[in-house]
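Student: Structure in structure tokens, see below.
There are 2 protein chains.
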Amino acid sequence: MQKGILLILSGFAGSGKGTVVNELLNRYDNYSLSVSATTRSPRPGEQDGREYFFKTVEQFEAMIEKGEFLEYAKYVDNYYGTPREYVEHKLDEGKDVILEIEQQGALQIKEKCPEALLLFIMPPSVREIYNRLKGRGTETEEVIMKRMTQGAREARVIERYDYLIINDDLDKCIEDVHNTIQCSKFSTDRNKDIISRTIEEFDGFTA
Amino acid sequence: MQKGILLILSGFAGSGKGTVVNELLNRYDNYSLSVSATTRSPRPGEQDGREYFFKTVEQFEAMIEKGEFLEYAKYVDNYYGTPREYVEHKLDEGKDVILEIEQQGALQIKEKCPEALLLFIMPPSVREIYNRLKGRGTETEEVIMKRMTQGAREARVIERYDYLIINDDLDKCIEDVHNTIQCSKFSTDRNKDIISRTIEEFDGFTA
Chain A
314 MQKGILLILS
324 GFAGSGKGTV
334 VNELLNRYDN
344 YSLSVSATTR
354 SPRPGEQDGR
364 EYFFKTVEQF
374 EAMIEKGEFL
384 EYAKYVDNYY
394 GTPREYVEHK
404 LDEGKDVILE
414 IEQQGALQIK
424 EKCPEALLLF
434 IMPPSVREIY
444 NRLKGRGTET
454 EEVIMKRMTQ
464 GAREARVIER
474 YDYLIINDDL
484 DKCIEDVHNT
494 IQCSKFSTDR
504 NKDIISRTIE
514 EFDGFTA
Chain B
314 MQKGILLILS
324 GFAGSGKGTV
334 VNELLNRYDN
344 YSLSVSATTR
354 SPRPGEQDGR
364 EYFFKTVEQF
374 EAMIEKGEFL
384 EYAKYVDNYY
394 GTPREYVEHK
404 LDEGKDVILE
414 IEQQGALQIK
424 EKCPEALLLF
434 IMPPSVREIY
444 NRLKGRGTET
454 EEVIMKRMTQ
464 GAREARVIER
474 YDYLIINDDL
484 DKCIEDVHNT
494 IQCSKFSTDR
504 NKDIISRTIE
514 EFDGFTA
């Protein structure tokens with residue numbers, strides 16, 4: 314069985330990346346969602362190993378010490394991180410593991426796992442990003458402009474991703490993301506074992 | 314309009330690459346076949362600009378002189394080459410231009426056009442290559458073994474291609490090739506203009 318692909322998915326606020334991830338999981342059976350570890354307390358209904366792996370600060374810091382995270386960060390007073398072991402286990406099972414994560418975490422992972430595939434999702438235009446944030450009707454103009462300033466920073470990092478996919482029509486976007494991931498499995502870099510085996514088989518024939 | 318992709322397609326004898334090319338042209342309207350130039354005489358029914366651009370040796374050598382070929386080679390007493398202008402014209406029209414060509418020509422082109430996409434097609438196993446050649450019933454064991462020796466050489470060059478696609482089920486292979494080409498258009502390298510425009514648009518918003 315071919316090992317799965319580690320898929321890192323990021324996007325601007327309002328890009329619809331959360332919906333894309335949910336639909337990939339709903340429509341295809343080859344995907345698995347990475348489960349993060351955190352030191353924050355579980356909320357009602359959250360289950361250890363499903364929403365998060367819940368850890369104490371001591372446990373989390375011991376994991377950092379042992380290099381057990383693909384990436385981690387501290388937000389406010391809590392740690393969040395991606396445990397390497399869980400991801401590796403799923404990849405070995407042949408699952409394509411999806412990690413929805415912001416850019417700094419994405420680049421940390423690309424550093425450690427050069428074979429990870431980095432996808433960035435964006436709406437068809439910047440005006441559309443503004444309109445979608447505005448359309449939610451839940452955020453003040455000040456918060457929206459903070460998001461836009463953050464977007465301006467993020468736009469400068471897109472070139473470090475492998476693929477840029479436009480979310481104009483949702484169904485097309487989901488299919489584009491799916492096909493991009495599946496076709497990346499044909500890259501010669503990911504098929505070195507088949508190439509070696511083919512060389513050996515030819516040599517056996519012509520010896 | 315996004316510029317088309319220059320697709321270089323190679324494969325072992327018996328890989329079915331000719332059929333794959335024909336079916337890409339039949340099933341989708343985004344492809345265009347590159348037309349080669351040659352100094353050999355037209356055969357009955359062949360038309361200048363359709364099967365080949367027919368040239369005199371003087372004309373061909375003048376084109377070499379002026380750097381008008383993406384690649385060329387001399388087989389027996391005739392020149393064969395890929396005129397750059399025709400390919401560029403089709404790419405500018407947004408067509409994905411297919412070039413079915415052997416490995417040395419493919420690598421020559423990759424050198425000159427790093428953005429070209431190199432695909433190698435192979436049957437599911439080396440045994441299957443032998444069986445398909447044998448099954449034709451038209452070639453002696455000696456010729457078949459020559460093809461196998463050539464295959465052994467070609468197998469060592471596959472790693473220099475971008476993608477390796479297995480032709481086990483023909484319809485799946487055609488779809489895989491098509492999706493791989495189309496999804497390669499999402500690479501950030503091919504979308505630098507969209508990324509720059511996005512940065513500018515954000516800057517306009519937050520200025």
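Chains as they are written, first to last, in this note's numbering: chain A, 314 to 520; chain B, 314 to 520. Heads up, the beta-carbon is just placed ideally off N, CA and C, and yes, glycines get one too. Since the model is a prediction, treat every value here as computed from it, not as a measurement.
1. In terms of alpha-carbon separation, which member of Cys426(A), Arg466(A), Gly418(A), Thr453(A) lies closest to Val439(A)?
2. What is the DSSP secondary structure of Phe499(A), reduced to helix, strand or coil?
3. Need the endpoints of the beta strand (DSSP E) that Val410(B) sits in, please.
4. Taking C-alpha atoms, which residue in Leu431(B), Ala350(B), Glu424(B) lies nearest to Asp409(B)?
5. So the candidates are Pro396(A), Ser345(A), Val400(A); which of them puts its Cα closest to the Cα of Glu378(A)?
6. Rounded to whole angstroms, how far is the Cβ of Leu483(B) from the Cβ of Thr332(B), which I believe are closer than 8 Å?
7. If you scan the stretch 413-477 of chain B from start to end, which runs of the beta strand (DSSP E) of 3 or more residues do you find wholly inside it?
8. Flag this pair as yes or no: are the beta carbons of Phe499(A) and Asp481(B) separated by less than 8 Å?
9. Determine, using beta carbons only, whether Ile457(B) comes closer than 8 Å to chain A.
10. From the DSSP output, read off the bridge partner residues of Lys379(B).
11. How is Thr519(A) classed by DSSP in three states: helix, strand or coil?
12. Give me the DSSP bridge partner(s) of Thr351(A).
13. For Glu413(A), is the classification buried or exposed, using 16 other Cβ atoms within 10 angstroms of its Cβ as the cut-off for buried?
14. Examine the ligand PLP and report whether any of its heavy atoms sits within less than 7 Å of the Cβ of Asp506(A).
15. Determine whether the Cβ of Leu477(B) lies closer than 8 Å to any Cβ atom of chain A.
16. Any beta carbon from chain A within less than 8 Å of Ser328(B)'s own beta carbon?
17. If we define contact as Cβ-Cβ less than 8 Å, is Asn492(B) a contact residue for chain A?
18. State yes or no: is the C-beta of Ile487(A) within less than 8 Å of the C-beta of Ala468(B)?
19. Around the Cβ of Met314(A), are there at least 16 other Cβ atoms within 10 angstroms (buried) or fewer (exposed)?
20. Are the C-beta of Arg469(B) and some C-beta of chain A separated by less than 8 Å?
21. Against Met461(A), what residues of chain B qualify as contacts under a CB-to-CB distance less than 8 Å, listed in chain order?
22. By the criterion of Cβ-Cβ separation under 9 Å, what are the contact partners of Pro489(A) in chain B?
23. If we call anything under 8 Å between Cβ atoms a contact, is Ala528(B) one with Leu319(B)?
24. Can you name the residues of chain A whose CB is closer than 8 Å to the CB of Ile512(B)?
25. Report buried or exposed for Glu374(A), applying the criterion of at least 16 other Cβ atoms within 10 angstroms of its Cβ.
26. Check whether the Cβ of Tyr341(B) lies closer than 8 Å to any Cβ atom in chain A.
27. 8 Å is my cut-off, CB to CB: does Tyr344(A) come that close to chain B?
28. I'd like the span of the beta strand (DSSP E) that includes Gly329(B), first residue to last.
29. Determine the contact status of Glu384(B) and Gly362(B), defining contact as a CB-CB distance below 8 Å.
30. Indicate whether the contact test is met: 3 or more Cβ pairs, each with one atom in the stretch 323-342 of chain A and one in the stretch 435-455 of chain A, closer than 8 Å.
31. What would DSSP say about Lys316(A), mapped onto helix, strand or coil?
Tutor: Taking the coordinates as given:
1. Arg466(A)
2. coil
3. 409-413
4. Leu431(B)
5. Pro396(A)
6. 7 Å
7. 430-435
8. no
9. no
10. Lys379(B) is not bridged to any residue.
11. helix
12. Phe367(A), Tyr393(A)
13. buried
14. For the ligand PLP, the structure offers nothing, since it holds no ligand at all.
15. yes
16. no
17. yes
18. no
19. exposed
20. yes
21. Phe515, Phe518, Thr519
22. In the sequence as displayed, the identity of residue 489(A) is Asp instead of Pro. Gln495, Cys496, Phe499, listed in chain order.
23. Residue 528(B) lies beyond the stretch modelled for chain B, which goes from 314 to 520, so this question has no answer here.
24. Ala465, Ala468, Arg469
25. exposed
26. no
27. no
28. Where Gly329(B) is concerned, there is no enclosing beta strand (DSSP E), given that its DSSP letter is neither H nor E.
29. no
30. yes
31. coil
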